[in-house]
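Novice:
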Amino acid sequence: MKIIESFALIRDNRRSLRPVIERLFQFEVYELESVPSDTGTLVARLKARFHELGITPFDPALLAIKPELEARNVIGQLFTGTALLLQRSAGHRVAASGCIVENNPRRIRAFYEYEYQHVGERAGELALQLLRDVLPALDPDPQADELSQPLAELITAFRENAVQHVLPLDSEVMIEEALRLNIPCFKLDREPFDQAPAESRIRPNSALRLGQARRQHIVDGNFCVDRCQPLRPYLKDRRQIARLLRELGLPGPRSDAEFVSCSSATRARRSASRMGYPVVMKSELKLAGKGVITGITDDTQLLRAYETLSAHGRGVYLEKQAAGDVFRILVAAGKVIGIVQLAGEKGGNRDVTDIAHHTIVDRVSAVVGALDTGMLVLTLLVADIARPLDEARSAFVDIDLAPALDVFVPAGSTLMAEAARGFLNWLFPAGSASRIPLIAITGTNGKTTTSRLIHRVAMSAGFTSGLACSDGVYLNGKLVRKGDLSGWAGHFLVLGLADIDFAVLETARGAVAKHGIAFDKCDVAICTNVTEDHLEEAGIETVEQMAELKRSVLERARTAIVLNADDQRCVDMLPQLQGRRLFLVSTRVPCRTLRDTYGDQYGFCCLEDINGESWLTLYEKDHREPIAPVDRLPLTLQGKADYNISNALHACAACHLAGISSATICSALSGFEMNFEDTPGRLNFYNGRPFRIVLDYAHNPAGITAFVDFINHEQVAGHRIVAFSAASYNPVDLIKGNARAVAGHFDYYICYNFGTNIQKNDFTVPPLLKQSLIENGVPAERILIADDGLLAVDEIDRLAGEGDLVAFLSGHSNRAEIWAQLTRIPA
C-alpha cells in the first residue's frame, strides 16, 4: 500500500463544505485479494480492536460497509471511518467522509473531515496502523515513518494532545449562526493562521474572524477584541469585576473595605473577622473554573483556602457568603435571553427563564445597556428566582464578559444559538454589511493580467483595493508580500487586511484542488478559459475535470459571472450557472450574433466598430454602452495583443457588474501599461539594447500559441530568438506541446529549465522540448539547451545581434533576476 498524494483541504472545497484530509492510495493486487468477501467479520475485528485499546465512543454507522463494494472501496471506507472515530474519541466533532474511485483499479481516493489539521493527519496515520492490525496483508507505505511505540501508547498520546485542540461548542454554534446570517467566518486558531501566544488569549481554540477586511471583527471567547478593548480589565481582575457590579447598581454580597486585597493569611483572617463567617475567598486573578472557595466557616478553613488560592499569584479578597441557589443570566446584545439554574445537588442544569420574576429581567436589562458588549453572563445567588428581586435575598456575585456558554447551558437548549444570533446582530446591525465587494478570477491563461486590470479600476473608483495574484499580495497597488499568492494563503491575507474595502482574488487551480477555497462567496466570478495544463495531478485527469474544478469557483458567485464565449468549455458551464447575471465576452463574435445565439437574458462585452475604430462595448438587454477604443489601450499594443483585448473585456464586464461606472473603467484601462513594474512577465518590452527584448509568462501550449500569434505581427529586421520551457509536472505530451507551439516561428530556440523543475531535480524538460522541436521540423543546429533561465540569458547574449527580436518566456521563479540580466547593458 502506498500513499500517492495527500492534501489537507482547508475550509470549503470540492469534496465537502467541511475541511477534509484527502489521500490517494495505491494497493498491490495481493493486498486487495486479502479483503474478505464477508466485510462484517472485518468490521467486527476492528470493533474488537477499538475495545481493546479503549477507544470510545464507537459509532458503527461510520463503518457500515455495503457487501457489494470493491475491495479498494472497503479499505477506503474503513480508513475514513476509523480516522473519524479516533478524532471523535478525543472530543472532535467530525462526520464528513467519502471515497472516489480512480480509473486505475488498484487506486482509491479517500477523504475525511478534520477539525484541527495536525490531529486529523495523526488520526489518519493511526487509522492505517489499526487497519493493518485487522488486515495484516496491508503493507506499510515504504515512505512513511514506522510507528515504533506500542499502538496503545500512541493512541493515548494522540488523545491527550487532540483534546487540547477541541473547538468549543459555543464557538461552533457561533460559526453555524454566522453561516445562516451570511456572515463570513474564519477560525483563527486553525490553519493557515498563526496562533496567538497563550498568555494573550481569553479562551483556547475560540478565536474567530467574523466579516471581511474593513468590516471584520475579532472574537475570542465570545468577547469582541477590537470593539470591547476598554472592557478588557474586567475579564480577569475580580476586584474590578466586583466594582463594576456595584457601579451598575446591582445588589451584591457584603465585602470588607471596598474589596480590600489580602496579601497575607493574617490580613485575610482580620477581614473575615470584620465581616463574620461564613465567607467566600476569591483570588484576584480570575481563572477559568478556579479561584473561588465558598462556605469558609472558621480560621482553619480560611488558612487552608488561602494556601490554595495564593498559589495562583496576586492577592485574594473576601466576601460575605450569600445564600441561595446559583443562577446564570445570559445576556446578548443588551437583552436577557435566558436564565439557567446550576445543578448543585439537584441534578442537571435547567432553563428557568419562564419562571424567573420579571423584575430580575427588567433590572438586568436596564443596567447592562451601559456596557457595549455583545454577550455577557451575570451570576446571581437567590433563594427564589420567582420572587421580585427586591423582596428576595439576592446577590450578583460575578459578571463574565467572555462567557463559556457550553459550561452551563443545558444540552438541547436553544439558548446557545439565540445568544450567538444576538451577538452577531450586535456586531452587524441591520443595514450594516459583513462583506466587502469581492471579484474572483479563475481560468488557465490571463488570470493575473485580468486581476491587475480590475484592481486598477477599483482603485480608480475610489476603493481601497486588495489584490492577491501569482505575483504577490498588493494593497492599493503597493506590494505587501511577494510570491505566488493566487490561492488560499493570499486570499486569507487579503481578506484580513483591515484597510481594504474591495478584494480582487486570482484563484489558481492548484490551490483549489489541493487546499480548497478561502472565500465562501464572491460577488462576481470570472473564468477566462479552460485549456490543457496541469493535468494528471490532484485527481484532475481530463480537461473536462479541470473545467469542473474551475466551475466550482464560479458557483460561489452571489451576483454575476463572466465567461469567455470564445472558449467552448466556458460556454458549456452555462446550464449549471443560471440564477445570476451572466455576461459573455468575445473578441471574435459581434454582440448582435451573440444575442441571436444565446438570447437577451445574457449580457455581452465584445468588440464593435464605431467610426472605423474597434471599441470595447457593453450590451445588456436594451442598454448599449461603448467603453473604450481598443487602439487607445496601451495593454493591447495597438490592438495586436488579442489575448490582452480578451483580458480587458473580462475586466470591463466584471467591473460593470460590480457597479463601477463606464467612465472610470475607461480611464483606468487607458492608463494601464504593460511594463515590468505594473505587470511583470506580461508582454514586457525593452528596447535599450541592440536587439529588442520581450518577456512573457506564456507557459502552456494555449498561452504560447496566443503569444506567437501576437509576436508574428512584429516587424523584425534580424533573427527571431525564443527561450522557453515547460513545467515538469505536466504530462509529456503537454510538455512537448510547448515546443510544437513555437516550432517554425523563430530562427533560434533555447530550451531551459524553470526554477521549479530544478528544485525537483528534474532536468528532463529541455531534452524533451528539443526532441519535440526536431519532430516538428526545427533543425537541431538551431536549438540550444541551458540548465536554467540565467544560463539561457548568457546564450542570448552570445547569440543575439542588432535588429534581432528576443522572446523570453519565463516562469515565476527568478523572473526578476532574468529581467535584470536581459536589460543590463554589457560592459
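Numbering-wise (the numbering used here), the sequence shown opens with residue 162 and increments by one.
Where a beta carbon is used, it is the ideal one built from N, C-alpha and C, also for glycine.
1. Within 10 angstroms of the Cβ of residue 858, are there 16 or more other Cβ atoms? Answer buried if so, exposed if not.
2. Is residue 605 near residue 707, with beta carbons less than 9 Å apart?
3. Where does residue 266 land, buried or exposed, given buried means 16+ other C-beta within 10 angstroms?
4. What's the gap between the Cα of residue 352 and the Cα of residue 491?
5. CB-CB under 7 Å to residue 238, same chain, minus the five flanking residues each way: which ones, in chain order?
6. Going by alpha carbons, who is nearest to residue 916 out of 942, 935, 975 and 909?
7. In terms of residues, what are the limits of the beta strand (DSSP E) holding residue 767?
8. For the alpha helix (DSSP H) containing residue 204, name the first residue and the last one.
9. Does the beta-carbon of residue 180 have 16 or more other beta-carbons within 10 angstroms, so that it is buried, or is it exposed?
10. So residue 214 and residue 312 are in contact, right, with Cβ under 8 Å, and what is the actual spacing, rounded?
11. Could you please give the first and the last residue of the uninterrupted alpha helix (DSSP H) stretch that includes residue 881?
12. Per DSSP, which residues does residue 416 bridge with? Please list them.
13. Taking buried to mean at least 16 other C-beta atoms within 10 Å of its own C-beta, is residue 153 buried or exposed?
14. Under three-state DSSP, which class holds residue 647?
15. For the region 658-673 against the region 611-619, are there 3 or more C-beta pairs whose distance is under 8 Å?
16. Within the region 249-325, note down every full alpha helix (DSSP H) run reaching 4 residues or more, in order along the chain.
17. From 204, 302, 206 and 831, pick the residue whose C-alpha is nearest to that of residue 185; which is it?
18. DSSP state of residue 808, grouped into three classes?
19. Helix, strand or coil, according to DSSP, for residue 342 in the structure here?
20. Start and end of the beta strand (DSSP E) containing residue 862?
21. Tell whether a beta-carbon distance below 9 Å holds between residue 364 and residue 381.
22. To which residues of the same chain is residue 521 closer than 6 Å at the C-beta, ignoring the five residues directly before and after it?
23. Please look up how many angstroms separate the CB atoms of residue 289 and residue 240, rounded, as I've assumed it's under 8 Å.
24. Go to residue 519, then tell me how far its alpha helix (DSSP H) extends in each direction, as first and last residue.
25. For residue 737 and residue 709, I'd like the C-alpha separation in whole angstroms.
26. Is residue 955 helix, strand or coil by DSSP?
27. Measuring only the C-alpha atoms, how far is residue 731 from residue 691?
28. Under 7 Å Cβ to Cβ from residue 745, same chain only, skipping five residues before and after it: list those, please.
29. Quick one: complete alpha helix (DSSP H) runs, 4+ long, within the region 587-654?
30. Using CA coordinates, which residue listed in 422, 555 and 517 is at the minimum distance from residue 477?
31. Who are the Cβ neighbours of residue 482 in its own chain at under 7 Å, not counting the five residues just before and after it?
32. With distances taken from CA atoms, which of 786, 810 and 272 is nearest residue 700?
33. First and last residue of the alpha helix (DSSP H) that includes residue 897?
34. Restricting to Cα atoms, I'd like to know which of 334, 292 and 248 is closest to residue 318.
35. Within 10 angstroms of the Cβ of residue 300, are there 16 or more other Cβ atoms? Answer buried if so, exposed if not.
36. Among the residues of its own chain, which have a CB less than 6 Å from the CB of residue 399, if the five just before and after it don't count?
Specialist: On the basis of the data shown:
1. buried
2. yes
3. exposed
4. 32 Å
5. 226 and 260
6. 975
7. 764-771
8. In this chain, the alpha helix (DSSP H) harbouring residue 204 covers 200-214.
9. Here residue 180 is buried: its Cβ has 16 or more other Cβ atoms, across all protein chains shown, within 10 Å.
10. Yes, they are in contact, since the Cβ atoms of residue 214 and residue 312 sit about 7 Å apart, within 8 Å.
11. Premise fails: residue 881 lies in the beta strand (DSSP E), 881-885, not in any alpha helix (DSSP H).
12. 480
13. Within the shown structure, residues of the chain are numbered from 162 to 988, placing residue 153 beyond reach of any answer.
14. coil
15. yes
16. 278-295 and 312-323
17. The closest CA to that of residue 185, considering only 204, 302, 206 and 831, is found on 302.
18. Residue 808: helix per DSSP, three-state reduction.
19. If DSSP states are grouped into helix, strand and coil, residue 342 belongs with coil.
20. Segment 862-872 is the alpha helix (DSSP H) holding residue 862; no beta strand (DSSP E) there.
21. yes
22. 550
23. 7 Å
24. Residue 519 -> alpha helix (DSSP H) spans 519-529.
25. Distance between the alpha carbons of residue 737 and residue 709: 10 Å.
26. helix
27. 7 Å
28. 724, 726, 755, 759, 763 and 765
29. 608-621
30. 422
31. 439, 440, 441, 455 and 456
32. Comparing Cα-Cα distances from residue 700 to each of 786, 810 and 272, the minimum goes to 272.
33. 893-903
34. 248
35. With fewer than 16 other Cβ atoms within 10 Å, it is exposed.
36. 443, 445 and 447, listed in sequence order.
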